[in-house]
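Notes follow the structure.
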Amino acid sequence: MEFLHALLIQPFADMVMEPAFFIETLVKGLMAGVLYSLVALGFVLIFKASGVFNFAQGVMALFAALTLTGLMELLEPSGMPKALIVILAIAATIVVMILLALIIERLVLRPLVNQELIILFMATLGLSYVLEGAGDLLWGSDVKVLDIGLPTDVWDINGVFIEQLDVTAAIAAGSLVAVLAVFFTKTRIGRALRAVADDHQAALSVGISLQQIWVIVWSVAGIVALVAGIMWGSKSGVQFSLSLIALKALPVLILGGFTSIPGAIIGGLIIGVGEKIVEVFWYSVHGGAVENWFAFMLALVFLMFRPQGLFGDKIIERV
Amino acid sequence: MLYRETGQFKRNYAADQQLFPIFQDKILLGVILTVALAVIPFVINDYWSKAILLPFMVYSFIALGLNILVGYCGQISLGTGGFMAVGAYSSYKLCTAFPEMNLVFVILLSGGCTAAVGVLFGLPSLRIKGFYLAVATLAAQFFLIWMFNKVPWFYNYEMSQITAPPREMFGFLVSGPQASPTAQYLFVLGFLIVFTWIALNLVRGRIGRSWMSIRDMDIAAELLGIKPLKTKLSAFAVSSFYIGIGGALIFHIWLGTVEATEAFDILQSFFVLFAIIIGGLGSVLGAYLGAAFMALMPVGLKVVLVDGAGMAVDTAKHIEIMLVGSLIIFFLIKEPHGLARMWQITKEKLRLWPFPY
Amino acid sequence: MKLTRLALALGVAGLFASTADVPSAQAKYDAFTVPSLVYRTGAYAPNGIPVANGFLDYFNMLNERDGGIEGIKVNVLECETAYNTKQAVECYENTKNEGQSGALAINPRSTGATYALIPKTTEDKIPLLTLGYGRTSAANGKVFPYIFNPPGTYWSQATVFIKYIAQQEGGMENLKGKKIALVYHNSAYGKEPIKTLETLAAKHGFELMLLPVDHPGQEQKATWLQVRRGKPDWLLMWGWGVMNQVAIKEAAAIRFPMDKFIGVWWSGSENDVAPSGPAAKGYLAGTMHAPGSNFGALEEIRKHLYAKGKGAGEESRIGEVLYNRGLLEAVLTAEAIRNAIKIHGTTDIRGEHVRDGFEAIKLDDAAFKRLDLEGFMPPIEITCENHEGNGKIAVQQWDPDTGKWTVVSDWIEPMRDLVNELVSEDSAAFAAENNITPRQCN
Amino acid sequence: MAEAQTLESGESAAPSGYADTRTIGGPILSVENIVVKFGGVTAINDVSFDVREGEIRAIIGPNGAGKSSMLNVLNGFYKPRSGKINFAGQSFPAMDPYFAASNGIARTFQNIALFRGMSTLDNLMTGRMLKMKRNFFWQCLYFGPAQKEELENRAHVERVIDFLEIAALRRTPVGRLPYGLQKRVELGRALAMDPKILLLDEPMAGMNVEEKEDMSRFIIDVNEEFGTTVILIEHDMGVVMDLSDRVVVLDYGSKIADGTPDEVRANQDVIDAYLGVSHD
């Protein structure tokens, strides 16, 4: 009885009794969700264009952040103003990520073209090992402080605390999605990408080079990884654990669908809010640390009703 | 010439359907079994047992189980770590609740518990497919690990780090610190041989064909009268049974102590999945080869780089990680169907070698 | 073709491994073998590197300056575990018979590895030094003859934190009605202090709030929402790895007073506070030894190693908290080896002799002076029945302006009665479960 | 129509000079007023017809007429919105795939639906799935009852292999076979089920003349030797008219004709449908 009360009544009573805290929970959930979305976005871009489930996305975020901090350290002694260093380092990191995409396409994807998806998935795993080793070998395994001048303060709005870094992340994610939307709908390359996503054969027959498309999409995913790496790394410092944020993106993916950019965003927000509310308001039922499995359970239950995810393409079976 | 089949005629269907129809394969198997049963037990020491053979054998066992689900039945699962934990913790509970029970039964029963849990988490597979299913099985992974860490009943209200009590077989200790490497090795080897044989029987018979038909074309299979849910769940059950036993063996024999969050984390799930993809999906031999690759390659590289080349441990580790990653990619490009297929092709070449024309 | 090469590599691996297992008995050793299970890679590498460096540097310094211990060099065998129990077991088996002496002492440096190795090292008669971590009840030397966990356990530390809080609040009686939250790594390690804290909460009437954080702990917003909501007066943290950095940052973000936030000694290194920058000012953490590099022994390391380019890490990082922790492991190990030689009157020692050496460790102020470590830590004394060594524990505070930790409390004596009671209870249960007859100590 | 009838030789079914000795029985399967919809699209609209035991029944029609959907209804892959199916003495609103299979309805697919990762032999053995009853325990042991059962069914499958002349392909993974042979293996898998009714979805699509002749011969042999009822979808009019006893013509989901090949050939609606006269 007591258990049922804690499960079914108390949490909702709490939400009503503590509206400010409830709002703060919601806001923090949304903010966490944005950060998940940022990671999920990279997965979706690549999956959409090439059907590859890129396990290395998390390590790419780590690699990008490591490169950024490393380059900033290198530029530090030059005496240039901080802002210039940051801009230069970010630009250089973007170049590195594009180079990385080129190398990946040439050495991993091209030889594996037309292979089964699970083989490509496996190859991205091998890739994540390589990047992990290379990142550590190049830049060392220590925690590196990443400070590109993002605001770290907290706004106190009538007792609701909002971290400026989170808001920055939300703005970054929002602009990223806007830019991507423009890119996909307004540019020739973007339209080509969508053609590839819809039908590889058709895309090839109208003269779109799959190789180019892959390089572009992996570059874009690399840049998304950089943004995710900056946002997460600013909080925890840049270190190996950054690569594990990929796990946070997986429930978002199945909830939002592997192929939908809005799905990644909405899915992230749902997961973020859902897990925070359950963790906080149902604490007396479960005793904490349920976020990880709750996100997956939420996604799983959801999938039982919509196997293709929130915005995924409908699966039609035929013989 | 080494693998010449000429002259080896099969006079009835029974002979044609045996596990190793080619004479040379029988010899090879005989040699391997002789070494495994009659040589290794006498020369094995702690290092070979704990660092090389036990990990290899246990992961082969688990890879075998996962290969049944992924390779034969086509259902990708990333819940392996969680199922291993079910095996380990249920064997701990059984073992401490019934101290008189023989360890073999304890381990078999914990395999049974894991099979039940596996069936439960296999239910969504009726509706969810492919990578969606893979990610959905992560729910099992995270939930089970959380549960074993959270609910004190599972670790007898002590530390969540559980320790295997000493147990005997035929008067020899097989678990606990005093157990001899020979006894532990033979114990695991016994499981491995028996259950490899069972797996071979299953995959070559009716049940194996029903799994493969679901994997290759589930709709056609259904129209042949194969019930998809029953078939998928049977694969989940058998697979989890193997994985659970593997988890119990890790706990009782290899490590002697485990903590769910560390020993059976998500990386274990990936580790075993990689093993079967590298080794060869849908191949019993592939499970062995993949486990050897994933479990022994790092040890081998470490020995070569650190002890051999005198490299600093961290540099060596980074290079080792990169090498393992590159090798994975290399093998996938060379032979996407895994080491088992590579062996098969080698065998086909050996039929003619050294006179290929 | 690839397969043959693979087989070759494995064959080579086997060859090395098998040659490693031949023990030989010569008159005088060329070197003592001291394995060092390190994690310079993986998720916890930032913590593992300074520990490993401190340990390595100290022995290398002894080798350079004194030619080792009693004229015999110490061969520190590093083996990479990536903080993974399975690899740690491989490392242990790989190194335990190395050299003429075999492994003289093992430093596993993780809770999981410690638990896996406790029965094995006991069987192999090699002492296991778990400096401020591992299995708390191993403090009972009668049940755990080869396990040493000086200078204090998590249970001791928890009681010290409560004592410190009481001091700040003006006495034990003022704990009544206070709310203390524990943010912990959701693993066996993080759960260690709960039992002690619950006992204390019942005894002193404060409220205990438990907030687990799952590995790795990149994302802790929910936990800190709980803190916001529960409004604890004090926060304790049993964290590890990235969890520490994120927790300190989140605490700052909810404007929790940093001087009421105490981390365990594994949550109190420079790494943990650095990403928070100025926001971490005032953060507290437990410590078993003094921070900083103003010690003779560290000078010696600079002089004999770094000046010659033989240092393990960067010179600027000498004296970091975790570097000193690794150094302390080395100091105790070296001291045990010296004692063993003294007790047994020979340099042909093996692990079981070093065990006796550990049980004769008695480091008072004079001894620390002899070791060039005056004021490094309060006296400890390890005996046959007490493997914890009765160390005292202090609280240190971070100042981001100077980039230094400062000890801000006295060296506080843990509540021995309470801890000993829990230790004997738990070790008795372990002994019963594993058919161990506690040995006699005289 | 209820009593048995014998077709005169040479009239339509068999090649000339070949005596038709078959016995055509009463209706073994019939559908009444079947409607199938996908979303708003009506794939089959109120179609009824019957199939007599032992005959070769063809379903023809232009692309998108609903022929494959009809087969999918017959073996239970699609559930009709309305209508009923009469089979094995019972009447169903929709067929259950398992019931269909276990009561002797087998089929092949328009786009080959073989188990590509398995050998020819194993593919055929899957057709014996419902005939094999040994439980899990015996399967684990293999030796003993499970092996006995396996060998009995293997012998049966070997007869199908001989019949279809694919003995050389036993161990070949079907994914590596050429298209025509894959079609043949698929027929073999259906035959391994010992079907009473065989549903063939464009068994000759994409084949050259020789392959078509082979396939036609197999279909006739199956029909004659085993007395198997055949329901056939085929585009090649020549083949259809030669092989089948009766033909149903579908167009845009509706039945526009039903009768012997000659009757259908003369039907104005059919001619319009095939010549593309526009619908009103």
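Order-wise, the sequence lines are chains C, G, W and U.
Residue numbering for the first sequence follows the numbering used here, beginning at 19 and increasing consecutively.
Residue numbering for the second sequence follows the numbering used here, beginning at 142 and increasing consecutively.
Residue numbering for the third sequence follows the numbering used here, beginning at 173 and increasing consecutively.
Residue numbering for the fourth sequence follows the numbering used here, beginning at -17 and increasing consecutively.
Note that CB positions come from ideal geometry on N, CA and C, so glycine has one too.
Every value quoted in this text rests on a predicted model; they were computed, and no experiment measured them.
Per DSSP, residue i is paired with what?
i: ARG116(U); result: Its beta-bridge partners do not exist; DSSP assigns none.
i: LEU182(U); result: LEU214(U)
i: GLU252(W); result: VAL210(W)
i: TYR356(W); result: PRO384(W) and TRP410(W)
i: LYS534(W); result: GLU553(W)
i: GLN569(W); result: LEU456(W) and THR578(W)
i: LEU300(W); result: ILE278(W) and ILE319(W)
i: GLU546(G); result: There is no way to answer for residue 546(G), as the model of chain G reaches only from 142 to 498.
i: ALA88(U); result: LEU180(U)
If I measure Cβ to Cβ from residue i and keep anything under 7 Å in the same chain, skipping five residues before and after, which residues do I get?
i: ASN496(W); result: GLY226, HIS461 and PRO463
i: LEU159(U); result: LEU151 and VAL167
i: GLY208(C); result: PHE201 and PHE202
i: ALA512(W); result: ILE521, HIS525, VAL526, ASP528 and GLY529
Residues of chain U with CB closer than 8 Å to the CB of residue i, please, in chain order.
i: SER351(G); result: THR108 and MET111
i: LYS499(G); result: No answer is possible for residue 499(G): the residues shown for chain G start at 142 and end at 498.
What residues in its chain sit with their C-beta under 6 Å from that of residue i, if we drop five residues either side in the sequence?
i: ALA188(C); result: VAL52
i: GLU442(W); result: GLU492
i: PRO586(W); result: SER328, THR331 and VAL332
i: GLY343(W); result: none
i: SER96(C); result: none
Name the chain W residues that come within less than 7 Å of residue i, Cβ to Cβ?
i: PHE329(C); result: What PHE329(C) touches in chain W: nothing, since even the nearest Cβ is about 24 Å away.
i: MET198(G); result: Per Cβ cutoff of 7 Å: no residues; MET198(G) is ~14 Å from chain W at best.
For the candidate residues the options, whose alpha-carbon lies nearest to that of residue i?
i: VAL245(C); options: GLY292(C), ALA317(C), LEU168(C) and LEU271(C); result: LEU168(C)
i: ASN105(U); options: SER381(G), TRP189(G) and ARG345(G); result: ARG345(G)
i: LYS475(G); options: MET438(G), GLY421(G) and ASP157(G); result: GLY421(G)
i: ASP184(C); options: ILE103(C), ARG212(C), GLY290(C) and LEU92(C); result: GLY290(C)
i: ASP589(W); options: MET381(W), LEU372(W) and PRO610(W); result: LEU372(W)
i: LEU414(G); options: ILE384(G), GLU400(G), ALA401(G) and THR398(G); result: ILE384(G)
i: LYS403(W); options: GLU391(W), LEU383(W) and VAL414(W); result: LEU383(W)
i: ALA401(G); options: GLN302(G), LEU235(G) and ILE163(G); result: GLN302(G)
i: GLU14(U); options: PRO79(U), ALA83(U) and SER73(U); result: SER73(U)
i: TYR264(W); options: LYS314(W), TYR201(W), LEU289(W) and ASN219(W); result: LEU289(W)
i: VAL184(G); options: PRO318(G), TYR326(G) and ALA404(G); result: TYR326(G)
i: GLY440(W); options: PHE467(W), GLU345(W), GLY377(W) and LEU408(W); result: LEU408(W)
Residues of chain G with a CB under 9 Å from the CB of residue i: which are they?
i: MET140(C); result: LEU414, PHE415, ILE418, ILE419, ILE469, ILE470, LEU473 and PRO477
Considering only residues of the same chain and omitting the five flanking positions on each side of residue i, which have a CB-CB separation below 8 Å?
i: ASN208(W); result: It should be noted that the sequence gives Ser, not Asn, for residue 208(W). So the qualifying residues of the chain are ALA224, PHE227, LEU228, VAL248, LEU249, GLU250, CYS251 and ASN279.
i: PRO195(W); result: Residue placement at PRO195(W) is flagged as unreliable, the pLDDT there being 44, under the threshold of 50; a coordinate-derived value is accordingly withheld.
i: GLN198(W); result: Confidence at GLN198(W) is low in this model, with a pLDDT of 47, below 50, so the placement of that residue is unreliable and no value is reported for it.
i: ALA289(U); result: Limits of chain U in this structure are -17 at one end and 262 at the other, which puts residue 289(U) out of reach.
i: PHE59(U); result: PRO79
Taking residue i as the query, report the chain W residues whose CB atoms sit under 8 Å from its CB, ordered along the chain.
i: LEU396(G); result: THR257, LYS258, VAL261 and ALA288
In chain G, which residues lie with their C-beta within 7 Å of the C-beta of residue i?
i: CYS613(W); result: Here the premise fails: no neighbours, minimum Cβ distance about 22 Å.
Can you pull the chain C neighbours of residue i, defined as C-beta to C-beta under 8 Å?
i: LYS421(W); result: LYS253 and SER254
Under 9 Å Cβ-Cβ, which residues of chain U neighbour residue i?
i: SER132(G); result: Nothing can be reported for residue 132(G), as the shown portion of chain G is limited to 142 through 498.
Practice prompt. At 3 residues or longer, and completely inside the stretch 147 to 218 of chain C: list those beta strand (DSSP E) runs for me, N to C.
Written response: If we require 3 residues or more, the beta strand (DSSP E) runs fully inside the stretch 147 to 218 of chain C come out as 172 to 175 and 178 to 181.
Worksheet item: Hey, which unbroken runs of the beta strand (DSSP E) at 3 residues or more fall wholly within the stretch 322 to 397 of chain G?
Response: Whole beta strand (DSSP E) segments, 3+ residues: zero.
Fill in: Whole alpha helix (DSSP H) elements within the stretch 449 to 493 of chain W, 4-residue minimum
Runs of the alpha helix (DSSP H) inside the stretch 449 to 493 of chain W: 468 to 476.
Worksheet item: Where are the beta strand (DSSP E) runs, 3 residues long or more, that stay fully inside the stretch 17 to 47 of chain U, in chain order?
Response: Those beta strand (DSSP E) runs which fall completely within the stretch 17 to 47 of chain U and span 3+ residues are 23 to 34 and 38 to 42.
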